[in-house]
Structures are given as structure tokens and as C-alpha cells.
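Chemist: Residue numbers (the working numbering): 561 to 1174.
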Amino acid sequence: MSGTSEGPTPAADLDRSAVTESDNKTATGAGGPAGADPPFYRSVFATAPLAMALVDRDGVVVDANEALGEVLGGAAESLVGRVAADLLDLASDARTWHAYREVLRGRQAKLRCTRRLKHPDGRTLWAQVTVSPLDEHTPGVLLSVADISARRDLQARLRHLQMHDPVTRLPNRTLFFERVTAALEAESYEQSGTGRIGLCYLDLDGFKAVNDTLGHRVGDRLLAAVAERLTECAKEAGRTRPSVPLVARLGGDEFALLVEDSTGTEQLADLAECVLKALQAPFDLAGQRMNVSASIGVVERHAAGTTATGLMQAADTTLYWAKVDGKDRWTLFDPERNAHLMTRQALASTLRPAIERGEFRLDYQPLVGMADGRLRGVEALVRWDHPRFGLLPPNRFVALAEEDGSIVPLGRWVLATACRQARRWQLENPDEPPLFVSVNVAVRQVWDSDLVADVAEILEETGLPPRLLQLELTESAVMGSAGRPLQALQALSDMGVHIAIDDFGTGYSNLAYLSRLPVSVLKLDGSFVRGFQYEGTGAAPNPADEVVVEAMIDLAHRLGLTVTAECVETSAQATRLRRIGCDTGQGWLYSRPVPPDRISELLVGTAPYAVGNP
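1) What does ILE1059 pair with, by DSSP beta-bridge criteria?
2) Within the continuous alpha helix (DSSP H) that includes ASP1114, where are the two ends?
3) With a CB to CB cut of under 7 Å and the five nearest residues on each side skipped, what residues in its chain are close to PRO1026?
4) Note down the Cα distance separating ASP681 from GLY633, rounded to an integer number of angstroms.
5) Between SER518 and GLY886, is the Cβ-Cβ spacing less than 8 Å?
6) Which residues in the same chain have their Cβ closer than 6 Å to the Cβ of ALA1060, if we skip the five residues on either side of it in sequence?
7) In three-state DSSP terms, what is ASN1000?
8) Using only alpha-carbon positions, find the residue among ARG781, LEU762, ARG936 that is nearest to GLY857.
9) Which whole runs of the beta strand (DSSP E) in the stretch 609 to 633 are 3 residues long or more, in chain order?
10) What number of angstroms, rounded off, separates the C-alpha of SER853 from the C-alpha of LEU783?
11) Determine the extent of the beta strand (DSSP E) in which CYS673 is found, giving its start and end residues.
12) Alpha carbon to alpha carbon, what distance is there between THR1122 and LEU892?
13) Among residues of its own chain, excluding the 5 on either side of PHE1088, which ones have a beta-carbon nearer than 7 Å to its beta-carbon?
14) In whole angstroms, give me the CA-to-CA distance for ALA841 and ASP780.
15) I need the straight-line Cα distance from SER709 to ALA636, nearest angstrom please.
16) Residues in its own chain within less than 7 Å of LEU628 by CB, not counting five upstream and five downstream?
17) So is TRP1007 buried or exposed if we call it buried at 16+ other beta carbons inside 10 Å?
18) Taking the alpha-carbon positions, what's the LEU926 to LEU1074 distance?
19) Nearest-angstrom Cα distance between ARG1004 and GLU963?
20) Specify, as a first and last residue, the run of the alpha helix (DSSP H) that ALA899 falls within.
21) By the three-class DSSP mapping on this structure, what secondary structure does PRO971 have?
22) Report the option in VAL999, TYR749, LEU911 whose CA atom is closest to the CA atom of ARG948.
23) Quick one: using the 10 Å Cβ neighbour count with 16 as the cut-off for buried, is PRO731 buried or exposed?
24) I'd like to know if the stretch 718 to 725 and the stretch 843 to 853 are in contact, where contact means that at least 3 CB-CB pairs between them fall below 8 Å.
25) In three-state terms, what does DSSP make of TRP890?
26) For ILE1159, report the span of its alpha helix (DSSP H) as first-last.
27) Out of LEU995, LEU648, ALA1116, state which residue places its alpha-carbon closest to the alpha-carbon of LEU1163.
28) If you follow the alpha helix (DSSP H) that ASP713 is in, where does it begin and where does it stop?
29) Output yes or no for whether 8 Å exceeds the beta carbon distance between GLY755 and ALA906.
30) Could you pull out every residue in the same chain whose Cβ sits closer than 7 Å to the Cβ of ASP923, ignoring the five residues on either side in sequence?
31) One question on the structure: do LEU648 and ALA687 come within less than 8 Å of each other, judged by their Cβ atoms?
32) For VAL786 versus VAL778, is the C-beta spacing smaller than 8 Å?
33) Kindly indicate which three-state DSSP category PRO926 falls into: helix, strand or coil?
34) Among the candidates ARG1118, LEU806, PHE957, whose CA atom is the shortest distance from the CA of LEU901?
35) Which residue marks the beginning of the beta strand (DSSP E) containing ASP854, and which one marks its end?
36) Note down the Cα distance separating GLY766 from ALA816, rounded to an integer number of angstroms.
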């Protein structure tokens, strides 16, 4: 007695070459096989180990051997007169059924397919069915069936080993990406579900220390224990949902929880919170008690328009944010934050070519004598005229340039351009006191290049006197200078170049060390000057700010240094700074950073406050 099918076989199980092979010859004759088989044919048919049956043009079994009876769980005689398609489930999917009928009609040479059948004893049977015509003088077809259950079981076990992690027994990266790719196919979400997908991507904080101190065996036990808790979180999340999230180990200490048909960010947030809470409880591993935390990147979005690569990139970026934000937390993907990061990466990748293409320019902000309001010098400020993002201020790209080392060629260009412009102003205005130019210098320029040689070469090339060049370094950079940086600063000072400490008062102000540095100018950070503003009409400023600034100015003067106040924006600030002895001021009260031709115009007037507001 034959079994029944457990469902149609996937199209992938069909032998495509056999199904599409055509036979243009039409079989002749009608009816069943010849009335009597030759003795040798009957003997072979009956004793062959391969299960076989003769089927007429109508698809009815006219003869079957004992091997087929054993496969289908009945006597061979009981199969005669039965419809072959019913015995072997050949009509359960359209493609197989069409190919089978074409073979019966003599219009196709062969059919080979795999069917899953139910044996009468209850077990599942995988059978490979082959249907091929008899010779042209004998109508009907020969049907053969091979039990491939053992082979399929072996393939299934091998696939399971291939698709699962041996340490945690979770699906591995390969299976995870298969599931993600399938979930993002249009037919998966258009017919049913929410049309959304979510992902929690996590790794363990400080897991490397566990491996390094306790060994990989303990590390593997910890990973397996973490996997169990993640699986419990997934089961808990699936109790009120149509499906349970897939938990996978992607490698190392990285895990992922995939939520198909997610209902929104709240569902993913709840899952991430469950994971963090589950991992907070200590782990007891063979007597070793340890605590572990995780950082989680959470992504939730529409499946349409999303790719597996894009989803993982977003998750990886968000995981990085979670670590930067302090670890032991989950962070939700933020498109605006990601856009800023992408812009930063785009700028970083084009910095060096931009220097070569000449995309940078310098603006200059006046430095004004507080006592007489006259223009004394300018600070050179670099801008990037980016072809895509427009005009960018220094805070958008200088830190990137310091990270990748392009600050060295950029700084050299700024220095040469500023010195050349200062010399041009001097030559064009011989009757005016010459302006000094102040240029910002990064510490990396001192370490990664010969700054002293560069300055000497540029001054000689441009003809600018060293006294008209001022180099600004931040307080944090200068205060810790020793060795090569200190030697470079001393050599520049000996050359006649002025050294200024920028943003003074905000870093580690080692006053004893300050007295030994070759510094000639302190630039007070704008936060001090802003405290000089009146908080409202008739309201007095904070007297403590004035006391602090006055003390710093007095200290600088006692050390033989001059003081420049940054961010001077009101006449009230200027008046108070002048009263306590500040030497020069810089800020919007006098001028915003302007192109060099505007400075040339300002040089014409030498009366107090001639610079004014542009």
C-alpha cells in the first residue's frame, strides 16, 4: 500500500535538464504493453533491486516489481491498476505534473524529480522518481523509484553542521544572511506581514580580556551561556508575536537577533532591553563567577528598498555608536547621525586630493590694539571650498586632517600662503606699520615634519621678516612640550618668530612651566571674554570673571608676555578689557574673518576703530 505525500516538492528538487529535454519523435501504438513479456525481461524486472513499474499511456500501473512494493509498503500486486501519479504524488505541483503528462504523451524524453512520501509505518521517505518512455514499439513508460532518504538525511546533517556554530549551536553567519536575504525578498513581505524588519546586533564588552586571562575554553563556555540567555529572550519576545526572532552567532563575540515582520522600533527596543537585563546576572562557569555586559546596535526599517548589506552596515555603525556612548547600552540607528558620519568619511577621503587641487583658501581676522584701536595684525583662518558641501570652516576638517596626517601638507600651504600675503601687504603699504600674520600650527606638524626648516624656507622665499610671523599652538599642546617639540619652539623663537598659546585658560595651565617656554603671546579663550557681557539691560556683569582675567593679564605682563583677547563682540567688553590692561583684541566687534582684499582696504584707515564692522 502506498504512502501519501507530505506536500509538493520544491521546484529546486526537480532535475531541470531532464524536465526540459525534448523528444520530437511521437511514440506509436496505443494501449498497454505487449501482452506477454519475454522471459528474460520478466526475470530481470522481477528480481531487480531498483523499484520499478510499467505504466500505460493513461498513467495506470500495469505491472510492478516487489522492490516497488517494499518502498511503498505493500505487495506488488496491490499496485496494479492504481494511478501512478497518486502513488508517488506527481500531481501536487504544476511543474512536475505537466512534465509527467508530457512524458506519458511521448513529447518529452524523461522526467526526474524528488518526492517526499509518507510510509505506512509512519516514517518519512524521500524518493527519487524517474519516468522514461519504453521503446517506440511498446507504448507506456517505465517508472523507477530510488529511496534516497539516507542521502537526504546525510545532506541535512552536513548542512546543519555547515550552517550552525559548533560552540553555541546557534545559526552561524551563513545561515543568518540566508534568512536576512529571504526576508528582504519582495514576495516575503508584500503578501503578508508588516513589511518591516528589525535587527539587534551586539557584541560583548571586554570579551577579549576573558580569553586572554582565563583561556579560550572558559571563553567558549561564556559564549554558550550567553547564547542560552539570548535564546530565552527571543522565545519570550515570540510569545506574543507570530514568529520567534532568529538568534545567530556571527563570529567571535558578535551575536544578532533578527526580527522579521517587526511592528516598529518599540518592539526592537523591548528586545534590546531584555538582552541587557538578561546579561546583567552573573555567569557561573565551572566555579568561576563573572559579569559581562553588551553593546547593542538596533536597526528597524521598511523591508522595501533595504538590502542585507545595507542593513548590516547600519547595524554595525549603530553598534559602534553604542560603544562610543559608553557601552552596556543599546543605541537606535539615527539617519541624521549616520549622514554626518558619511559626510565626515567623504571629507576624510578627499582631503589630500583637495590640497593638490587647490580647493582651500584663507580668510583673515584683524587683531586690534586695545589702547588705540589700530590694526596690528591678522589671524589666518583656512576654509575649504568643497565642490559638494560648499564653504567649510576649520572645525569641519582640521581634526580629520590631524588624524590622517594631511595636516602637514595643508599646514605648509597655509603657512606659505599667509606669509606671502603678509609680505604683499607690507610692500603695497610702505607708509603703514607692517602687519604681523598669526598662523595656527598643529602638534603633528612639529612631529611629522621639520617645522623649523619649513618656516625658515618660507620666510626666505617670501621675504617676510620673522618678527611679522606668529605661530599659534593650543595650550594643551604647548604645556606638555618636551624633547623635539620644545626644541622646535625654541629654534623658532631664536629665529625671531613669535610663539602664541591659543585658548589659554581652558587646559592644564602649568604656570611654572609657562615661565620656561619660548612663548611671547597668550590668547585668552573666548569663554572668559563672553563672561564680560551684561546679562540684561542695566544688569552688572559677573565681577569674578574680571578678577580672573585681570590676574591672568597681570601674570602674563610680569612674565614679559602680551595678551590677546578672543571673541570681543561688544564695546562694553572692549572697554573693560582695555581698563585691565589687555594688549590686543580679536572678534566681531572689529571684524569677522574677511578675504585679503578687505584687509587691504582696512589698512588705508589708521584712526581708532578704523576696521569697524564689515
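All C-beta atoms in this analysis are idealised placements derived from N, C-alpha and C, irrespective of residue type, glycine included.
From a predicted model like this one, the values you see are computed outputs, not experimental measurements.
Modeler: Reading off the structure:
1) For the purposes of this step, residue 1059 is taken as residue 499 along the sequence shown, with counting starting at 1. LEU1031, per the DSSP bridge assignment.
2) Within the sequence shown, the letter at position 554 stands for residue 1114. Per DSSP, ASP1114 belongs to the alpha helix (DSSP H) from 1103 to 1118.
3) For the purposes of this step, residue 1026 is identified with residue 466 of the sequence shown, where counting begins at 1. Closer than 7 Å at Cβ, skipping near neighbours: LEU1019, MET1055, GLY1056, VAL1057.
4) Translated into the one-based positions of the sequence shown, residue 681 becomes position 121. Translated into the one-based positions of the sequence shown, residue 633 becomes position 73. So the alpha carbons of these two residues sit roughly 8 Å apart.
5) Absent from the structure is residue 518, since the part of the chain shown begins at 561 and ends at 1174.
6) Numbered from its first residue, the sequence shown carries residue 1060 at position 500. Hits under 6 Å: GLN1030, GLU1032, VAL1081, LYS1083.
7) Residue numbering aside, residue 1000 sits at position 440 when the sequence shown is read from its first letter. If DSSP states are grouped into helix, strand and coil, ASN1000 belongs with the strands.
8) Your numbering for residue 857 matches position 297 in the sequence shown. Ranking ARG781, LEU762, ARG936 by Cα distance to GLY857 puts LEU762 first.
9) 611 to 615, 621 to 624
10) On the sequence shown, residue 853 is found 293 positions in, with the first residue counted as 1. On the sequence shown, residue 783 is found 223 positions in, with the first residue counted as 1. Going by the C-alpha atoms only, they are around 12 Å apart.
11) Taking the sequence shown and counting its residues from 1, the one referred to as residue 673 is at position 113. From DSSP, the beta strand (DSSP E) with CYS673 extends over 671 to 678.
12) In the sequence shown, the residue the question calls residue 892 occupies position 332. In the sequence shown, the residue the question calls residue 1122 occupies position 562. Near 50 Å, if we compare the C-alpha coordinates of THR1122 and LEU892.
13) Looking up residue 1088 in the sequence shown gives position 528. Taken in chain order, the residues that qualify are GLY1065, ASP1105, VAL1108, VAL1109.
14) Along the sequence shown, one-based indexing puts residue 841 at 281. Along the sequence shown, one-based indexing puts residue 780 at 220. Approximately 18 Å between the Cα atoms of the pair.
15) If you number the sequence shown from 1, residue 709 lands on position 149. If you number the sequence shown from 1, residue 636 lands on position 76. Distance between the alpha carbons of SER709 and ALA636 is about 21 Å.
16) Taking the first residue of the sequence shown as position 1, residue 628 is located at position 68. The answer, listed in chain order, is ALA611, MET612, ALA613, ALA636, LEU639, VAL705.
17) The residue labelled residue 1007 in the question sits at position 447 within the sequence shown. The residue in question, TRP1007, is exposed, as its Cβ has fewer than 16 Cβ neighbours within 10 Å.
18) In the sequence shown, counting from the first residue as 1, residue 926 sits at position 366. In the sequence shown, counting from the first residue as 1, residue 1074 sits at position 514. One detail in the question is off: residue 926 reads as Pro in this sequence, not Leu. Looking at the two C-alpha atoms, the distance is approximately 26 Å.
19) In the sequence shown, the residue the question calls residue 1004 occupies position 444. In the sequence shown, the residue the question calls residue 963 occupies position 403. Going by the C-alpha atoms only, they are around 9 Å apart.
20) In the sequence shown, counting from the first residue as 1, residue 899 sits at position 339. Unbroken alpha helix (DSSP H) run through ALA899: 895 to 917.
21) Position 411 of the sequence shown holds residue 971. Note that residue 971 is Gly in the sequence shown here, rather than Pro. DSSP places GLY971 in helix when its eight states are reduced to three.
22) What you label residue 948 is simply residue 388 of the sequence shown in a count that begins at 1. It is LEU911.
23) Counting from 1 along the sequence shown, the entry for residue 731 is found at position 171. PRO731 comes out buried.
24) no
25) As a working mapping, residue 890 is identified with position 330 in the sequence shown. Here TRP890 sits in strand by DSSP.
26) Counting from one through the sequence shown, the residue named residue 1159 turns up at place 599. From DSSP, the alpha helix (DSSP H) with ILE1159 extends over 1156 to 1164.
27) As a position in the sequence shown, residue 1163 is number 603, starting the count at 1. Closest option to LEU1163, Cα to Cα, is LEU995.
28) As a working note, residue 713 is residue 153 in the sequence shown. 709 to 723 is the span of the alpha helix (DSSP H), which, as asked, contains ASP713.
29) Counting from 1 along the sequence shown, the entry for residue 755 is found at position 195. Counting from 1 along the sequence shown, the entry for residue 906 is found at position 346. Contact flag unset, no.
30) Translated into the one-based positions of the sequence shown, residue 923 becomes position 363. LEU941, ARG943, PRO1153, VAL1154, PRO1155.
31) In the sequence shown, counting from the first residue as 1, residue 648 sits at position 88. In the sequence shown, counting from the first residue as 1, residue 687 sits at position 127. A contact, by the Cβ cut-off of 8 Å.
32) Mapped onto the sequence shown, residue 786 falls at position 226. Mapped onto the sequence shown, residue 778 falls at position 218. Not a contact, by the Cβ cut-off of 8 Å.
33) By 1-based counting over the sequence shown, the position of residue 926 is 366. The answer is strand: DSSP assigns PRO926 an E or B state.
34) The residue you call residue 901 lines up with position 341 of the sequence shown. Closest option to LEU901, Cα to Cα, is PHE957.
35) Counting from one through the sequence shown, the residue named residue 854 turns up at place 294. In the sequence as presented, Asp is not what sits at residue 854; that position holds Ala. From DSSP, the beta strand (DSSP E) with ALA854 extends over 853 to 862.
36) Reading the sequence shown from its first residue, position 206 is the one you call residue 766. Reading the sequence shown from its first residue, position 256 is the one you call residue 816. If you take the alpha carbons of GLY766 and ALA816, they lie about 18 Å apart.
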